[in-house]
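First up is the structure itself, then whatever we jot down about it.
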Amino acid sequence: MKTTAAYEIREMRPEDAPAVKALEIEAGLSPWPVADYAAEAVRGDSAAHVAERRGKVIGFIIARLITIRNHPTHSDASMTSLEIYNLAVSRVARREGIGESLFRVAVAAGRRTGSVDSAELEVRRANTGAIRFYEQLGFRRTGLRRSFYVNPADDAVQMTADLMNA
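Here the sequence shown stands for residues 382 to 547, where the numbers follow our numbering.
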């Protein structure tokens, strides 16, 4: 758990799912059922955390550890990646370092279970603010998935960060 004067980051609990869903809607993320958020809170391979201020959820991250076997560029032929599915911070709490703190906590949670070599994600091409945010965290653009998103339709920018030296 990470605490600052302004907010606290803790592991997500199933009862946080409705508040997380509300943030998902506010941020315009691809929709997940509330039950899926609750399930992420108890998955063993999930790094699911919330940022809370005065008892109110103001941010969240959902990520999973993915082991890639027979990886051609990794010395021992496998690597573990932190795949970020969703990260959002309430509009009223943005630019306070909450998104970066959530990311760092998810990476630390992944490292407690073993080595984490990289982080990967997809973001809407039109979401230039999020793309800049991820680039500031060390992500680089690695691909484009055409017509990946619906409602509204958009391409997905694939991004990867090397965490070996982070």
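For every residue, glycine included, the Cβ atom is placed at its ideal position computed from N, Cα and C.
Here the alpha carbon of R527 sits roughly 32 Å from the alpha carbon of R492. For F529, the enclosing beta strand (DSSP E) begins and ends at 521–530. L518 is the residue among E389, A534, N532, L518 whose C-alpha sits nearest the C-alpha of M540. Membership of V415 in the alpha helix (DSSP H) is indicated by the continuous run 415–421.
Here K437 is exposed: its Cβ has fewer than 16 other Cβ atoms, across all protein chains shown, within 10 Å. Within a 10 Å sphere around the beta-carbon of N532 sit fewer than 16 other beta-carbons, which makes this residue exposed. In this structure, I443 keeps its C-beta atom at 9 Å or more from the C-beta atom of I479. With fewer than 16 other CB atoms across the displayed protein chains lying within 10 angstroms of its CB, R394 is exposed. Taking 9 Å as the cut-off, the beta carbon of S499 is found no closer than this to the beta carbon of L404. DSSP places E405 within a helical segment (H, G or I) once states are collapsed to three. Note that the C-beta distance between R505 and D535 is below 9 Å. For the pair L446 and A428, the Cα-to-Cα distance works out to about 8 Å.
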